[in-house]
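Novice: Pasting in a structure now, in structure tokens, and then I'll have a few things to ask.
This is how it looks when you write it as structure tokens:
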């Protein structure tokens, strides 16, 4: 019994470490949110795609991370950064580019290959805020730490097939690009505790797929932000 508890504690610790930004914000919210600084957690869902890759289509995915913003003027200007520990990149409909996952496809239909990359992302940007909305833009650095090729299909008899294959050898780990965001505050009369609805877009300047040139990451996300801490 004690051994099971030790293993459970160990794997829970790994899970917490993998989402460190969100956990730090939850634990130290009162320290990370002051009169000049506001921090919180972002939950996001949206699409990823490869711009410039013929036949590629967008894939849906989700993201988890945290945000922080520091006031740099007496009025409405802030320096902000979002450290996202689970940030998606990739695309779907890549059948022509990775044909060797399944050797015999004579009995299959509705085939689709998705390149699912998981990255750390860190945009550093200047944000302009009013009482009701905020806008920001700046550079972003992304580092892919997990890459998977997902092959899905149906047999002619109607059975579904899923094959996963590691794909780190096919992708470049680093990308630098440009980030833009906009958000609305749901309770503007309480800015320190107001929930936020936003959109975020990232366009990468570097080439993400080793075998293809002229290709760029594209990431569009809808975001739900939860501030943590603060006097309110």
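Numbering (the working numbering), first residue to last: -17 to 214. Backbone N, C-alpha and C define an ideal beta-carbon position, used for all residues, glycine too. Being a predicted model, the structure only gives us computed values, none of them experimental.
Residues bridged to residue 80 by DSSP?
Specialist: Residue 80 is not bridged to any residue.
Novice: Taking 9 Å as the cut-off, decide whether the C-beta atoms of residue 71 and residue 199 are in contact.
Specialist: yes
Novice: From residue 79 to residue 133, what does the alpha carbon distance come to, in whole angstroms?
Specialist: 12 Å
Novice: Buried or exposed: which applies to residue 195, given that a residue is buried once 16 or more other Cβ atoms fall within 10 Å of its Cβ?
Specialist: exposed
Novice: Between the Cα of residue 38 and those of 98, 44, 48 and 24, spot the shortest distance and give me the residue it belongs to.
Specialist: 98
Novice: Determine the direct distance from the alpha carbon of residue 207 to that of residue 32, and round the result to whole angstroms.
Specialist: 26 Å
Novice: Is the beta carbon of residue 220 sitting closer than 9 Å to the one on residue 131?
Specialist: For residue 220 there is no data in the structure shown, the boundaries of the chain being -17 and 214.
Novice: Keeping to the same chain, check which residues put their C-beta closer than 7 Å to that of residue 112; ignore five residues upstream and five downstream.
Specialist: 58
Novice: Considering only their Cβ atoms, is the gap separating residue 154 from residue 30 smaller than 9 Å?
Specialist: no
Novice: Looking at the structure shown, is residue 58 part of a helix, part of a strand, or coil, going by DSSP?
Specialist: Note: residue 58 maps to coil in three-state DSSP.
Novice: Could you pull out every unbroken beta strand (DSSP E) segment of at least 3 residues lying fully inside the region 129 to 207, listed in chain order?
Specialist: 142 to 148, 156 to 167 and 178 to 186
Novice: Helix, strand or coil, according to DSSP, for residue 73 in the structure here?
Specialist: strand
Novice: For residue 204, which residues of its own chain have a beta-carbon under 7 Å away from its beta-carbon, when the five flanking residues on both sides are left out?
Specialist: 26, 27, 28 and 181
Novice: What three-state label does DSSP hand residue 97 in the structure shown?
Specialist: strand
Novice: Applying the 10 Å Cβ sphere with the 16-neighbour rule, what's the burial state of residue 151?
Specialist: exposed
Novice: Starting from residue 34, trace the beta strand (DSSP E) both ways and give me its first and last residue.
Specialist: No beta strand (DSSP E) contains residue 34, which DSSP labels as neither H nor E.
Novice: May I have the straight-line CA-CA distance separating residue 295 from residue 56, to the nearest angstrom?
Specialist: For the chain, the structure presents residues -17 to 214; residue 295 sits outside this window and is missing.
Novice: Taking only three categories from DSSP, how would you classify residue 107?
Specialist: DSSP places residue 107 within a strand segment (E or B) once states are collapsed to three.
Novice: Looking at residue 60 and residue 95, is the spacing between their C-beta atoms short of 9 Å?
Specialist: Residue 95 is not a Cβ neighbour of residue 60, given a cutoff of 9 Å.
Novice: Would you tell me roughly how many angstroms separate the C-alpha atoms of residue 157 and residue 110, rounded to the nearest one?
Specialist: 26 Å
Novice: Compare the Cα-Cα distances from residue 168 to each of 190, 115 and 19 and report the closest residue.
Specialist: 115
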